[in-house]
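Novice:
Structure representation (C-alpha cells):
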C-alpha cells in the first residue's frame with residue numbers, strides 16, 4: 001500500500017504530536033506514512049526514518065480557507081492532497097484548519113463523479129455500542145434536499161465499510177418522529193428517503209426521523225442532517241461531555257476521603273472516558289471526495305493521529321472510495 | 001395574587017404527580033393553585049383543599065395540537081389558558097403536549113402586542129453557574145431574521161427578571177465565531193444584533209456568535225437560535241447527559257467493592273446530578289404570549305411541578321410580562 005500523506009503542520013499540537021503519532025503508527029502498527037511540512041520543524045519533532053516532503057507554507061487555524069488554498073500553493077495540507085491525486089499517497093490525514101483541509105481535498109483530489117457535495121462524517125461515541133455516524137458535521141451550512149439524500153447513501157456505505165454493519169439504519173435528524181415535523185427541507189428529504197431508490201446501491205435502511213436524544217443511542221447507525229445543525233450537535237455534545245467529566249472529577253476529588261474512593265472507581269470508569277474521548281475515533285472522514293481524506297480534531301494528540309492512520313489504512317484496504325463510487329454512480 | 005392554573009391532565013405522570021406537586025407547592029410554599037381536569041381522576045390523586053375546575057377533555061401527548069385545540073373545547077389546558085385570559089388565574093402551567101399548550105396559550109391568551117412569534121425559552125443547566133437560557137427551543141421550526149432579533153430581546157428580559165442578570169450576554173448560535181459563519185439567516189441576524197437598536201429596551205448585550213460547545217458554559221446568558229436547531233440542541237444534551245449518567249452509574253456499581261466506593265462519593269456527586277436534572281428547573285417558558293405560561297417537561301415529577309409553580313409565582317411577582325411588553329413595544 002502507498003503511504004498515507006500526513007499534514008505534519010496542521011493542528012493545535014503540530015508538529016510535535018502529529019509527528020509522534022505518525023512515527024508510532026509506522027513503527028508500532030506498520031502503517032506506511034509520508035510527512036508534509038517545514039523540514040526544520042518536522043526534524044525537531046524527531047520523525048525517525050519517515051520520509052518528509054518539504055513544504056514552505058502552512059494554512060494556519062485562523063486562516064480563511066478559500067483565500068489560503070489559492071495563495072499558499074506550497075501549504076503542507078495542499079501538498080498532501082496533491083500526493084493523493086497523483087497516486088503517490090493512498091490517503092491523507094490533517095488535524096489542521098478544517099476548511100483548509102476540505103478545500104485542499106476538493107480542489108486537488110476532486111469529487112467522486114455524481115457527488116453533489118462532500119460531507120464530513122463524524123463518529124459519535126456510544127459506549128457499549130458501535131458509534132453513530134453523524135453527517136454532515138459541518139461541510140455545508142446550507143443544503144438542498146438531493147444533497148441530504150446523498151449524505152444518507154454516503155453515510156450508509158461508510159457505516160458498512162468501517163463498522164461492518166450490513167444494513168445500516170439511517171435516521172433523519174428532526175424535531176419529532178412524525179414525517180410532518182421539522183423544516184421544509186427536512187420534510188422534503190423525509191419523503192425522498194422513504195422511497196426505495198436511494199437504498200438500492202447504498203444498502204442502508206431508513207428508520208424515519210430521529211431526535212437529538214437518539215444520537216447517542218444504539219438505535220440508529222447513521223444520522224443525516226445539514227452541516228449547520230450537524231456541527232452544532234457535534235460541538236454541543238463535545239462541550240457537554242467535557243463539562244460533565246470535569247465537574248464530576250472535581251466533585252469526586254475535592255477531599256482526601258473522596259479521592260481515595262475515586263481511586264478505587266477509576267479503573268472501572270476509564271474505559272468509558274476513553275470511549276468518549278474524540279481522540280479514540282481518529283477523526284472525521286470527508287466523504288464524497290475521490291480519495292480517503294481524514295480530518296482530525298484540531299486538538300489531536302499523538303494517540304488521535306495513530307488512530308486516524310489506522311482508520312486510513314483500513315479504509316484504503318476496504319476500498320471505501322470504490323464502494324462510495326458504486327453507491328452514487330448513476 | 002390570583003392562583004396559578006395547573007393543567008392536571010397534562011404529562012406522562014398526570015394526574016398523579018401533577019396534583020401531588022400542585023398540592024405541595026400550595027401547602028408547603030404557599031403558592032395559590034387552581035387545578036383543571038377530570039374531576040374523578042383529579043380526586044383520586046388527592047388534591048387536598050385545592051380548587052378543581054372540571055374539564056371533560058384532555059389533549060393527549062399524541063394528539064395533533066392544531067386539530068385538538070379546535071375540537072376539544074373543554075380540554076384542561078385550553079381551560080387553564082382561558083382562566084389566564086379572563087384574569088381568573090395569574091399564570092398557567094402544563095406538562096402536557098407541548099404543541100397543545102402553545103396553541104392554547106396563543107389562541108386564548110394571545111400575543112403581546114408587537115411580538116412576531118412567541119418562543120420557548122429553556123434554561124440549560126450549567127453547574128456552578130446560572131443556567132443559560134436557550135430560545136427558541138422548539139416553537140418555530142423556520143424563522144425569519146426579525147423573529148430571531150426579537151428572541152434576543154425576549155431572552156434578555158427573561159434572564160434579567162428570572163436570574164437578576166443586569167445586562168444579559170446574548171449569543172447567536174452558529175458554527176464559528178466569525179460574523180461570516182453560518183447560514184444566510186444567521187449572517188443576517190448577526191448583522192441586526194450587532195446594531196444597537198434591539199438592546200435599548202431589552203437591556204442585553206450582544207457577544208456575537210457562539211458555538212455548540214458554549215451552551216453549557218458560564219460565558220453566555222442567552223443563546224438565540226431557530227426552533228429547529230434549538231430543539232435539537234436541547235434534546236441532544238438531554239439524551240447525552242442521561243446516557244453518561246447511566247453509563248457511569250452502571251460502571252461504578254458493577255461490583256461490591258466499586259459500590260462501596262461509590263457510596264462514599266455519592267453525596268459529593270448528588271448536587272451535580274440534581275443540577276443537571278431538568279426537573280430542577282421547572283420547565284420552559286413560552287415568551288411572547290400575554291401571560292406567564294410555563295410548559296414543563298412531559299416526564300415532570302411532583303418536584304418539577306413544585307419548581308414550575310415557584311417560578312410561575314416569581315415571574316408574576318416580578319412582572320415578567322410587563323417587562324417583555326416594554327421591551328418589544330414600538
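Residue numbers (the numbering used here), protein chains in the order written: chain S, 1 to 330; chain X, 1 to 330. We put the CB at the ideal spot given by N, CA and C, even for glycine.
1. Residues of chain X with a CB under 9 Å from the CB of residue 61 of chain S: which are they?
2. Under 7 Å: does the beta carbon of residue 187 of chain X sit that close to some heavy atom of the ligand SAH?
3. Under a Cβ-count criterion, where at least 16 other Cβ atoms within 10 Å of its own Cβ denotes burial, should residue 163 of chain S be classed as buried or exposed?
4. Tell me the rounded alpha-carbon separation between residue 324 of chain X and residue 112 of chain X.
5. Measuring straight from C-alpha to C-alpha, what distance separates residue 215 of chain X and residue 169 of chain X?
6. Note down the Cα distance separating residue 231 of chain S from residue 140 of chain S, rounded to an integer number of angstroms.
7. Could you tell me whether the Cβ of residue 213 of chain S comes closer than 8 Å to any Cβ of chain X?
8. What residue range is occupied by the uninterrupted beta strand (DSSP E) comprising residue 61 of chain X?
9. Going by CA-CA distance only, name the one from X:136, X:96, X:132 that's closest to residue 120 of chain X.
10. Run through chain X and tell me which residues come within less than 9 Å of residue 252 of chain S, C-beta to C-beta.
11. What in chain X is Cβ-close to residue 128 of chain S, meaning under 9 Å?
12. If you draw a straight line from the C-alpha of residue 239 of chain S to the C-alpha of residue 184 of chain S, how long is it?
13. Figure out for me which residue from X:59, X:276, X:268, X:100 has the closest Cα to the Cα of residue 123 of chain X.
14. Quick one, are the C-beta atoms of residue 173 of chain X and residue 210 of chain X less than 8 Å apart?
15. Following the continuous beta strand (DSSP E) through residue 271 of chain X, name the residue where it begins and the one where it ends.
16. Once DSSP output is grouped into helix, strand and coil, what is the label at residue 122 of chain X?
17. Just to confirm my understanding: we take residue 188 of chain X, look at its own chain, exclude 5 residues before and 5 after, and list those with CB closer than 6 Å. What are they?
18. Taking C-alpha atoms, which residue in X:280, X:317, X:297, X:287 lies nearest to residue 130 of chain X?
19. If you measure between the beta carbons of residue 310 of chain S and residue 25 of chain S, is that distance less than 8 Å?
20. Using a C-beta to C-beta distance shorter than 8 Å, which residues of chain S count as neighbours of residue 262 of chain X?
21. Can you find a CB in chain X that lies within less than 8 Å of the CB of residue 101 of chain S?
22. DSSP beta-bridge partners for residue 293 of chain X?
23. With 16 other CB atoms within 10 Å as the buried threshold, where does residue 147 of chain X fall?
24. Would DSSP call residue 7 of chain X helix, strand or coil?
25. Do residue 299 of chain S and residue 12 of chain S come within 8 Å of each other at the CB atom, strictly closer than that value?
26. Does any C-beta atom of chain S lie closer than 8 Å to the C-beta of residue 209 of chain X?
27. Answer with yes or no whether the minimum CB distance from residue 320 of chain S to chain X is below 8 Å.
28. Assuming residue 296 of chain S and residue 282 of chain S are in contact, meaning their beta carbons sit under 8 Å apart, how far apart are those beta carbons, in whole angstroms?
29. Whose CA, out of S:182, S:312, S:128, lies closest to the CA of residue 225 of chain S?
30. Taking Cβ-Cβ distances shorter than 9 Å, what residues in chain X pair up with residue 235 of chain S?
31. Can the beta-carbon of residue 312 of chain X be found closer than 8 Å to that of residue 161 of chain X?
32. To which residues of the same chain is residue 218 of chain X closer than 6 Å at the C-beta, ignoring the five residues directly before and after it?
33. For the alpha helix (DSSP H) containing residue 157 of chain X, name the first residue and the last one.
34. In chain S, what lies closer than 7 Å to residue 141 of chain X by C-beta?
35. Return the bridge partner residues of residue 209 of chain X from the DSSP annotation.
36. Under the rule that 16 or more other beta-carbon atoms within 10 Å means buried, what is residue 89 of chain X, buried or exposed?
Specialist: Checking against the coordinates, here is how it stands:
1. As a working note, residue 61 of chain S is residue 61 in the first chain. Ordered by position in chain X, no residue passes the 9 Å Cβ test against residue 61 of chain S, which lies about 12 Å from the chain.
2. Summarising the ligand content, the structure contains no ligands, and the ligand SAH is consequently not present.
3. Mapped onto the first chain, residue 163 of chain S falls at position 163. Residue 163 of chain S should be labelled exposed.
4. As a working mapping, residue 324 of chain X is identified with position 324 in the second chain. As a working mapping, residue 112 of chain X is identified with position 112 in the second chain. Rounded to whole angstroms, residue 324 of chain X to residue 112 of chain X spans 8 Å at the Cα level.
5. The residue labelled residue 215 of chain X in the question sits at position 215 within the second chain. The residue labelled residue 169 of chain X in the question sits at position 169 within the second chain. Their backbone Cα atoms lie some 12 Å apart in a straight line.
6. In the first chain, residue 231 of chain S corresponds to position 231, counting from 1. In the first chain, residue 140 of chain S corresponds to position 140, counting from 1. If I take the Cα positions, the gap works out to 10 Å.
7. The residue given as residue 213 of chain S occupies position 213 in the first chain. Residue 213 of chain S has a beta carbon lying within less than 8 Å of a beta carbon in chain X.
8. The residue given as residue 61 of chain X occupies position 61 in the second chain. Careful: residue 61 of chain X lies outside any beta strand (DSSP E) and carries neither H nor E.
9. Counted from its first residue, the second chain places residue 120 of chain X at position 120. For residue 120 of chain X, the closest C-alpha among the options X:136, X:96, X:132 is that of X:136.
10. Against the first chain, residue 252 of chain S aligns to sequence position 252. Chain X residues near residue 252 of chain S: 265, 268, 269.
11. Start at 1 with the first residue of the first chain, and residue 128 of chain S comes out as number 128. Simply 247, 250.
12. By one-based count along the first chain, residue 239 of chain S stands at place 239. By one-based count along the first chain, residue 184 of chain S stands at place 184. The alpha-carbon atoms of residue 239 of chain S and residue 184 of chain S are separated by roughly 29 Å.
13. Residue mapping note: residue 123 of chain X aligns to position 123 of the second chain, counting from 1. Taking only the C-alpha atoms, the option nearest residue 123 of chain X is X:276.
14. Sequence index remark: in the second chain, residue 173 of chain X carries index 173 (1-based). Sequence index remark: in the second chain, residue 210 of chain X carries index 210 (1-based). Yes; because the gap between Cβ atoms is below 8 Å, this pair is in contact.
15. Translated into the one-based positions of the second chain, residue 271 of chain X becomes position 271. Counting along the chain, residue 271 of chain X falls outside any beta strand (DSSP E), though it belongs to the alpha helix (DSSP H) covering 256-276.
16. As a position in the second chain, residue 122 of chain X is number 122, starting the count at 1. Here residue 122 of chain X sits in strand by DSSP.
17. In the second chain, residue 188 of chain X corresponds to position 188, counting from 1. Excluding sequence neighbours, residue 188 of chain X sits near 145.
18. If you number the second chain from 1, residue 130 of chain X lands on position 130. Distances from the CA of residue 130 of chain X to each of X:280, X:317, X:297, X:287 were compared; the closest alpha carbon is that of X:280.
19. Taking the first residue of the first chain as position 1, residue 310 of chain S is located at position 310. Taking the first residue of the first chain as position 1, residue 25 of chain S is located at position 25. Against a cut-off of 8 Å, the Cβ pair of residue 25 of chain S and residue 310 of chain S comes out as a contact.
20. The residue you call residue 262 of chain X lines up with position 262 of the second chain. By Cβ distance, chain S contributes 261, 265.
21. In the first chain, residue 101 of chain S corresponds to position 101, counting from 1. So no, residue 101 of chain S is outside the interface.
22. Looking up residue 293 of chain X in the second chain gives position 293. Residue 293 of chain X is bridged to X:92.
23. Along the second chain, one-based indexing puts residue 147 of chain X at 147. Result: buried.
24. On the second chain, position 7 is the one that residue 7 of chain X refers to. In the structure shown, the three-state DSSP call for residue 7 of chain X is strand.
25. Here the question's residue 12 of chain S lines up with position 12 in the first chain. Here the question's residue 299 of chain S lines up with position 299 in the first chain. A Cβ-Cβ contact shorter than 8 Å links residue 12 of chain S with residue 299 of chain S.
26. The sequence position of residue 209 of chain X within the second chain is 209, counting from 1. Under the Cβ criterion of 8 Å, residue 209 of chain X is not counted among the residues facing chain S.
27. Reading the first chain from its first residue, position 320 is the one you call residue 320 of chain S. Under the 8 Å criterion on CB atoms, residue 320 of chain S is classed as non-interfacial with respect to chain X.
28. Translated into positions along the first chain, residue 296 of chain S becomes position 296. Translated into positions along the first chain, residue 282 of chain S becomes position 282. Contact flag correct, Cβ pair sits at about 7 Å.
29. Along the first chain, one-based indexing puts residue 225 of chain S at 225. Residue S:182 is the option with its Cα nearest to residue 225 of chain S.
30. Looking up residue 235 of chain S in the first chain gives position 235. Result: 175, 211, 212, 213, 214, 215.
31. Working through the second chain from its first residue, we reach residue 312 of chain X at position 312. Working through the second chain from its first residue, we reach residue 161 of chain X at position 161. The answer is no: Cβ separation not under 8 Å.
32. Counting from 1 along the second chain, the entry for residue 218 of chain X is found at position 218. So the qualifying residues of the chain are 126, 129.
33. Working through the second chain from its first residue, we reach residue 157 of chain X at position 157. In this chain, the alpha helix (DSSP H) harbouring residue 157 of chain X covers 145-163.
34. Reading the second chain from its first residue, position 141 is the one you call residue 141 of chain X. Correct list: 175, 182, 183.
35. Your numbering for residue 209 of chain X matches position 209 in the second chain. In DSSP, residue 209 of chain X forms a bridge with X:172.
36. Locating residue 89 of chain X in the second chain gives position 89, counting from the first residue. Residue 89 of chain X should be labelled buried.
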